[in-house]
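So the protein lines, in turn, are chains A and B.
Note that the first sequence covers residues 242 to 398 in the numbering used here.
Note that the second sequence covers residues 242 to 398 in the numbering used here.
Positions of the beta carbon are idealized from the N, C-alpha and C atoms, including for glycine.
The structure appears below as structure tokens.
2 protein chains.
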Amino acid sequence: MTRSKSLSSLAPDEAVPAAADIDAVFRAKGIPMTRQRRQVWEFFALGSRAATIAEATDGLREAGIGQATVYRTVTLLSDLGLLVRVQDRRGDIGFTAPPIGHSHPLVCGLCRRVVRFDGDGDLTAFEAKLAAETGFAIYGHHLEVYGVCAECRGVAR
Amino acid sequence: MTRSKSLSSLAPDEAVPAAADIDAVFRAKGIPMTRQRRQVWEFFALGSRAATIAEATDGLREAGIGQATVYRTVTLLSDLGLLVRVQDRRGDIGFTAPPIGHSHPLVCGLCRRVVRFDGDGDLTAFEAKLAAETGFAIYGHHLEVYGVCAECRGVAR
DNA sequence: GGATTGATTGATAATTTCTCTCAACCATGA
DNA sequence: TCATGGTTGAGAGAAATTATCAATCAATCC
């Protein structure tokens, strides 16, 4: 798998949680931090592309991390909100780390490269209106925007 | 599985494609319409809740529709844009029919009841800006809003 | 720093989910 | 109605995911 250099990103790099931050999340919840958990998180968080579980399993095998641990850890990190699920054009499921603060992924449907953007302001008013009209207690939303990145389009840019 | 009566919906009922419409889609693409395809589509489209494949398989078994056909047809309908995927709070995947025109599902995270809303205008400007800033050729987006419906909250309403 | 302890891990088995195969059947068009 | 190419159902097969359990490790308390 190729994890190429980062593309322009609307969100500053600091928006991606640093390793220190995930330690804090774990500590706050009383969940032990292990080498495996950190490495699984880094695998997904440090790349610019969303990775599948199969890719993570392959990439982490030489680190001695087993398949079951990858599954367990992805579930755990997702539950903690440290990973989000996205889907490419073929329907394959990938995971990527959301930055701190509220933002959404712009995903390349071909290579799963992820660029983040902040689109929250637009939706909060919307959600309030929806809640009033439907009686739903809204607890969140999921917004992904899909496109094909410049490199996948073969545009020299 | 209980499919209860419909809740208030922001989109008029006519927004859900009528059976006639899906025939038109199939005909336009030269894809044969079969009893099974219509029934699978109806299963997902006529309920007010997004259903899982397992639920559809169970529900359609007595109609003599096999598991493989359910999978095949859900894939086909999704490719045609006649079904969309949503996810409940437990992470279970469900499918539901999008109405004609552009709208998004508001999904109850507990019972998967789906209410639709039109939130397109807000996003088109956004996408243009994103395209300009990132070099992505944007081809679509996926927006789901999650909440807990009045009934699941036990509110008599 | 070192021992204790409850949680985590890796290997593998077991299960679940999904896809493939193929003979029988059906929708479509002549 | 007939021909025919696509579709279907059943079951086999493959892939993805989860459960089991002994060994190991992270966090805590001396």
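Residue i: contacting residues in chain A (beta-carbon distance under 7 Å)
| i | result |
| --- | --- |
| Gly381 (chain B) | Tyr387 |
| Leu323 (chain B) | Neighbours of Leu323 (chain B) on chain A: none; closest Cβ ~15 Å, over 7 Å. |
Partners in chain B for residue i, counting only beta-carbon separations shorter than 9 Å
| i | result |
| --- | --- |
| Gly350 (chain A) | Tyr380, Gly381 |
| Ala372 (chain A) | Gly388 |
| Leu317 (chain A) | Residues of chain B passing the Cβ test: none, with the nearest at roughly 13 Å. |
Sub-8 Å separation of residue i and residue j beta-carbons
| i | j | result |
| --- | --- | --- |
| Arg353 (chain B) | Ala295 (chain B) | no |
| Ile263 (chain B) | Leu301 (chain B) | no |
| Gly388 (chain A) | Tyr380 (chain B) | yes |
| Ala377 (chain A) | Cys390 (chain B) | In the sequence on display, residue 377 (chain A) carries Phe and not Ala. Contact: yes. |
| Val327 (chain A) | Glu385 (chain A) | yes |
| Gly335 (chain B) | Thr293 (chain B) | yes |
| Ala372 (chain B) | Ala338 (chain B) | no |
| Val325 (chain B) | Val281 (chain B) | no |
| Arg356 (chain A) | Thr375 (chain B) | As written in the sequence, residue 356 (chain A) is Val, which differs from the Arg given in the question. The answer is yes: Cβ separation under 8 Å. |
| Leu321 (chain B) | Val266 (chain B) | yes |
| Asp359 (chain A) | Ser344 (chain A) | yes |
Contacts that residue i makes with chain A (C-beta to C-beta distance below 8 Å)
| i | result |
| --- | --- |
| Arg394 (chain B) | Ala378 |
| Ala369 (chain B) | Correct list: empty, because the minimum Cβ distance to chain A is about 11 Å. |
Legend entry - Residues from the stretch 292 to 313 of chain A in contact with chain B, defined by Cβ distance under 7 Å: none
Legend entry - Chain-ordered residues of the stretch 277 to 293 of chain B with a beta carbon less than 9 Å from chain A: none
Inset, instruction - Report yes or no: do the stretch 343 to 352 of chain B and the stretch 301 to 314 of chain B share at least 3 C-beta pairs separated by less than 8 Å? - result: no
Inset, instruction - Counting only runs of 4+ residues fully inside the stretch 260 to 327 of chain A, write out the alpha helix (DSSP H) ranges in chain order. - result: 260 to 270, 276 to 287, 294 to 302, 308 to 320
Legend entry - Unbroken stretches of the alpha helix (DSSP H), 4 residues or longer, contained in the stretch 334 to 397 of chain A: 361 to 375
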